[in-house]
Structure formats: structure tokens, C-alpha cells
Amino acid sequence: MDLVGGTHVAFEADMSQIEDSSRNEAIKSLVDVFDRRINALGVAEPVIQSRKIGNEYGIVVELPGITDTNEALDTIGKTAQLNFKQGGSTESLNLGSGEFSGEELQQIQQQQKQGEWNDTQLSGKHLKRADVQFDQ
2 MDLVGGTHVA FEADMSQIED SSRNEAIKSL VDVFDRRINA LGVAEPVIQS
52 RKIGNEYGIV VELPGITDTN EALDTIGKTA QLNFKQGGST ESLNLGSGEF
102 SGEELQQIQQ QQKQGEWNDT QLSGKHLKRA DVQFDQ
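Position 101 (the sequence shown) corresponds to 102 in our numbering; numbering is contiguous.
This is the structure in C-alpha cells:
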């Protein structure tokens, strides 16, 4: 690929805190994250590839047409933040069923608009593992 006017970046993944058996899945998930972030840039035909050399894992990214390397790195390298908040008054909500009435949804939306959310001091760093599961 001709990268004139493009950007080529190689990332090295720190796998020291990830079990050997989970490393391939972790790098695959990271490629998916990079793909979503790069799609937000509107890059035509980006190349996003994982690589493994010995025990070293990494990702190579080629972005044709992107000349602002700093902008690309900022977008790709942003770390998403997961914070848990608790709504103001939930006494009247039926949280057990997981289904909300129209009135309950309106109450939740109103709380969101008014900023009636209390910080729980819990964030993504408190999660040990998260997986996607689909109901059968």
C-alpha cells in the first residue's frame, strides 16, 4: 500500500497482567476497539492488524490519507471511562424486573436531564472481567 500522505503506527501491547490463555482474545478485542475508533475518523480502507512475535503482542495501524499523526494517535489511544452513578430517588422504580413502565422511563430521563445522579465511587477499574452474552 502506498502510504504517501498517510500514517503508519505500531503499538506494543502490555500483556503482563493478562493470563496466557486470554492473550489472543485480548488482542482481538483491542483490534475491534481500534477499528471502531478509526471508523470514527472516517478513514477509507484502514489496515488494522494484530501481530505476535514470540511473547510480544502488538497492533499495526495504517491510515491512508491521514497526515495529522497526533490527531490519529489521540483518537485511537483514548481510554474509555466507565463510571457507575446512582439515580436520585429510585424508591418508586421496579428495578427487579428489568422492565420499566413509560412513567418510570420518563422519571429516569428527567433525572438524567437534571443531573440528579450521585457518584458511587465505582468505575471500570473495579471490574475484574466483562463479557458479552446473548440470550438464547
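Where a beta carbon is used, it is the ideal one built from N, C-alpha and C, also for glycine.
Asked                                                                                                                        : Found
Nearest-angstrom beta carbon gap, Arg38 and Ile77 [assumed within contact, 8 Å]                                              : 5 Å
Local Cβ density within 10 Å of Thr121, reported as buried at 16 or more and exposed below that                              : exposed
Where the alpha helix (DSSP H) through Glu20 begins and ends                                                                 : Neither: Glu20 is in no alpha helix (DSSP H) and is coded neither H nor E.
Cα-Cα separation between Gln82 and Gly125, rounded to whole angstroms                                                        : 7 Å
Alpha helix (DSSP H) segment containing Leu74, residue limits                                                                : 70-78
Beta-carbon contacts of Gln110 that lie in its chain and below 7 Å, excluding the five residues immediately before and after : none
Backbone secondary structure at Asn56 - three-state DSSP                                                                     : coil
Nearest-angstrom Cα separation, counted from Val133 out to Gln108                                                            : 28 Å
Distance between Val34 and Ser23 (C-alpha atoms, nearest Å)                                                                  : 17 Å
Local conformation of Asp3 per DSSP, three classes                                                                           : Residue placement at Asp3 is flagged as unreliable, the pLDDT there being 45, under the threshold of 50; a coordinate-derived value is accordingly withheld.
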